[in-house]
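Residue numbers (this note's numbering), protein chains in the order written: chain D, 26 to 331; chain Y, 7 to 370. The C-beta atom is built at its ideal place from N, Cα and C for all residues, glycine as well.
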């Protein structure tokens with residue numbers, strides 16, 4: 026509760042900064058992910074978590090110890106971890122006979138679980154298994170989703186939204202075009218989801234836009250959707266709500282017409298047209314004789330009274 | 007002949023262009039959807055399911071070809087964005103990304119505006135604005151610029167103050183240093199108390215605020231649920247009188263007297279009060295003097311009309327003056343205008359009041 030945080034006033038500037046980082050803001054921080062190992066996590070699952078951590082650094086926290094919890098039954102321990110480490114995305118890996126190589130990907134809203142989707146890992150190729158040069162840590166990946174299932178099926182739609190949220194990284198205003206090196210490609214076909222990561226090589230083409238060549242790098246996963254725990258529609262709508270301050274302010278008095286011309290009205294004060302400053306034409310200047318006639322014989326500068 | 011040569015040259019040039027473009031063009035049935043702010047591309051074309059079911063390596067090759075095509079399209083779009091050279095002529099080519107469009111849920115609910123504290127309300131009423139204080143102050147004794155507070159502040163270290171003057175009307179035996187320490191402790195305690203009171207007020211305002219929409223399950227608090235349960239119980243034809251209650255729920259007393267318009271006193275309640283009310287009624291009916299004081303009613307009506315006109319004027323003029331006008335208008339209330347108004351009312355009251363007073367004098 027925000028009021029409770031304020032009741033205990035922070036005594037140092039550092040503590041104050043820590044609390045300010047965690048409080049709700051207009052423009053939010055980049056979402057952090059926590060990667061947790063379950064009760065019996067086998068080698069595959071551990072490797073997957075380590076690889077995803079490498080991809081998501083520095084916006085991820087990898088917990089080293091095993092935590093014996095069942096997210097689908099009891100969500101309190103996940104919520105506790107989320108509150109402690111200020112992470113709103115999580116990836117929970119476990120393994121048992123009924124659900125081998127299990128991966129639960131989920132996100133939180135206000136430190137309560139919003140969505141959770143359980144995926145089974147059928148095949149996994151690690152970063153270490155593919156021997157080539159990798160892209161630098163913290164690269165913002167390009168995300169591509171292929172397959173009409175991602176738009177038709179409700180669960181796949183949420184999965185798409187979750188994956189975008191998970192992998193998108195920080196929001197940046199501009200990007201270096203030569204630095205677009207990493208692409209994550211998700212294909213949904215036949216009830217399976219193939220996730221592949223490629224390194225992008227920009228080759229010369231005849232024109233400005235380069236030709237793309239891909240080189241397989243990084244973790245590749247074959248996933249199957251198992252159980253889901255999706256948020257109700259109204260809770261999801263509540264979480265999507267953006268505050269009004271984020272909308273760009275509309276500039277009044279500016280209108281555009283169909284041809285692209287911008288119109289605006291300028292409001293001027295009343296001008297005294299007799300005192301209007303125009304160009305000085307030497308020929309139109311008043312001659313001294315005319316001027317004295319106008320003034321009505323007003324005294325020139327040097328006049329002596331007797 | 008020259009025309010034919012020109013045509014041939016143009017056709018050759020066009021073919022060369024097409025050749026160049028061929029390496030970066032990709033044919034797709036359905037156009038992809040792009041969200042360049044998120045570096046996102048959504049491909050709706052159904053992938054070749056039969057081919058992908060095949061052997062591992064063939065599948066990988068197919069997936070890679072699909073990925074290459076999609077990435078080519080996305081990169082073409084990104085390269086079309088307005089780009090500039092960051093850091094001068096030799097710097098890297100940087101493209102301006104648009105705002106991300108794909109709707110993603112927030113991490114935390116948007117921050118709620120805090121209700122103003124007691125000081126903020128007072129300051130707004132009086133038109134007091136925040137003064138921007140400089141961080142350095144001139145210290146006369148040390149003859150240099152020192153900070154306002156903190157390490158080496160202007161005015162010396164208060165803990166090392168070796169002199170405390172006895173004020174004029176104080177007890178000469180009193181320990182001044184102890185008094186200063188005690189007063190500082192009291193000030194700090196009062197400040198803390200006020201801060202907590204402001205917090206409590208803000209918290210009460212926050213929990214009273216959500217009137218109509220009920221938060222989804224998991225995000226409701228106890229007061230909200232209690233309020234909603236009460237409303238649900240009362241929304242029956244018999245206004246909740248025959249609704250079953252839980253074993254330990256306390257029975258609510260019938261609030262018959264509630265409501266502004268139809269309020270009834272209990273039948274056998276306050277006998278003395280009832281008697282006095284009836285006698286007053288008879289007295290008013292018997293007296294010759296009218297119960298409605300015309301002058302007071304007229305003055306009240308005039309005051310109301312003037313207040314409405316002032317509010318309408320304020321509404322029109324607010325656009326011009328803006329925040330400053332709104333803040334400075336209020337202390338102006340006790341200025342020339344209201345004084346004139348008070349005088350005018352007094353004048354109006356006199357002749358009418360004279361008539362009423364005359365009538366009263368006659369009766370007595």
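Would you please verify whether the beta carbon of residue i is less than 9 angstroms from any beta carbon of chain Y?
i, result
"residue 241 of chain D", "yes"
"residue 171 of chain D", "yes"
"residue 303 of chain D", "no"
"residue 300 of chain D", "no"
"residue 210 of chain D", "yes"
"residue 196 of chain D", "yes"
"residue 48 of chain D", "yes"
"residue 265 of chain D", "yes"
"residue 214 of chain D", "yes"
"residue 149 of chain D", "no"
"residue 261 of chain D", "yes"
Are residue i and residue j closer than 9 angstroms when you measure CB to CB?
i, j, result
"residue 127 of chain D", "residue 251 of chain D", "yes"
"residue 234 of chain D", "residue 208 of chain D", "no"
"residue 118 of chain D", "residue 74 of chain D", "yes"
"residue 200 of chain D", "residue 80 of chain Y", "no"
"residue 131 of chain D", "residue 163 of chain D", "no"
"residue 224 of chain Y", "residue 254 of chain D", "no"
"residue 80 of chain D", "residue 120 of chain D", "no"
"residue 120 of chain Y", "residue 208 of chain Y", "yes"
"residue 228 of chain D", "residue 236 of chain D", "yes"
"residue 186 of chain D", "residue 140 of chain D", "yes"
"residue 161 of chain D", "residue 104 of chain D", "no"
"residue 165 of chain D", "residue 197 of chain D", "yes"
If you measure from the beta carbon of residue i to each beta carbon in chain D, is any gap under 9 angstroms?
i, result
"residue 155 of chain Y", "no"
"residue 299 of chain Y", "no"
"residue 49 of chain Y", "yes"
"residue 102 of chain Y", "yes"
"residue 65 of chain Y", "yes"
"residue 72 of chain Y", "yes"
"residue 125 of chain Y", "no"
"residue 86 of chain Y", "yes"
"residue 129 of chain Y", "no"
"residue 287 of chain Y", "no"
"residue 328 of chain Y", "Low confidence applies to residue 328 of chain Y: its pLDDT is 48, below 50, so where it sits in the model is not reliable, and the reading given next is rough at best. No, no contact with chain D."
"residue 52 of chain Y", "yes"
"residue 245 of chain Y", "no"
Quick one: is residue i buried, meaning 16 or more other Cβ sit within 10 Å of its Cβ, or exposed?
i, result
"residue 336 of chain Y", "For residue 336 of chain Y, the predicted model reports a pLDDT of 48, less than 50, meaning its position is unreliable and no value from the coordinates is stated."
"residue 243 of chain Y", "exposed"
"residue 218 of chain D", "buried"
"residue 276 of chain Y", "exposed"
"residue 100 of chain D", "buried"
"residue 293 of chain Y", "exposed"
"residue 292 of chain D", "exposed"
"residue 322 of chain Y", "exposed"
"residue 232 of chain D", "exposed"
"residue 183 of chain D", "buried"
Strictly below 9 angstroms CB to CB, what residues from chain D border residue i?
i, result
"residue 30 of chain Y", "230, 231, 232, 234, 235, 236, 237"
"residue 168 of chain Y", "Those do not exist, as residue 168 of chain Y stays about 29 angstroms from chain D at its closest Cβ, beyond 9 angstroms."
"residue 26 of chain Y", "230, 231, 232"
Going along chain Y in order, which residues have a C-beta closer than 8 angstroms to the C-beta of residue i?
i, result
"residue 203 of chain D", "98, 99"
"residue 53 of chain D", "112, 113, 114"
"residue 158 of chain D", "Result: empty, since nearest Cβ-Cβ is about 18 angstroms, beyond 8 angstroms."
Taking residue i as the query, report the chain Y residues whose CB atoms sit under 7 angstroms from its CB, ordered along the chain.
i, result
"residue 167 of chain D", "45, 77, 80"
"residue 251 of chain D", "What residue 251 of chain D touches in chain Y: nothing, since even the nearest Cβ is about 21 angstroms away."
"residue 257 of chain D", "222"
Name the chain D residues that come within less than 7 angstroms of residue i, Cβ to Cβ?
i, result
"residue 224 of chain Y", "137"
"residue 136 of chain Y", "Correct list: empty, because the minimum Cβ distance to chain D is about 20 angstroms."
"residue 55 of chain Y", "214, 215"
"residue 59 of chain Y", "215"
Mind listing the chain D neighbours of residue i? Cutoff is C-beta to C-beta under 8 angstroms, in chain order.
i, result
"residue 202 of chain Y", "32"
"residue 89 of chain Y", "202"
"residue 211 of chain Y", "Correct list: empty, because the minimum Cβ distance to chain D is about 11 angstroms."
"residue 117 of chain Y", "48, 49, 50, 51, 268"
Answer yes or no: does any C-beta atom of chain B fall closer than 9 angstroms to that of residue i?
i, result
"residue 108 of chain Y", "Among the protein chains of the structure shown, namely D and Y, there is no chain B."
So which residues of chain Y does residue i contact, with C-beta pairs closer than 9 angstroms?
i, result
"residue 88 of chain D", "Those within 9 angstroms of residue 88 of chain D in chain Y number zero; the least Cβ separation is about 20 angstroms."
Item checked: Against chain Y: residues of the stretch 91-106 of chain D by CB proximity under 7 angstroms -> Flagged: no residues at all.
Check: Listed from N- to C-terminal order along the chain, which residues in the stretch 173-190 of chain D have their beta-carbon within a distance smaller than 9 angstroms of any beta-carbon of chain Y?
Finding: Those would be 173, 174, 175, 176, 185, 186, 189, 190, in chain order.
Notebook entry, point to check: Quick one, which residues of the stretch 54-66 of chain D are near chain Y if we go by CB-CB under 7 angstroms, in chain order?
Noted result: Taking 7 angstroms as the Cβ-Cβ cut-off against chain Y, the residues of the stretch 54-66 of chain D that qualify are 56.
Check: Can you list, in chain order, the residues of the stretch 34-45 of chain D whose Cβ is nearer than 7 angstroms to any Cβ on chain Y?
Finding: Hits within the stretch: zero.
Check: For the stretch 105-135 of chain D, which residues have a CB atom closer than 8 angstroms to at least one CB atom of chain Y, in sequence order?
Finding: Within the stretch 105-135 of chain D, the residues whose Cβ lies closer than 8 angstroms to some Cβ of chain Y are 113, 132, 133, 134, 135, listed in chain order.
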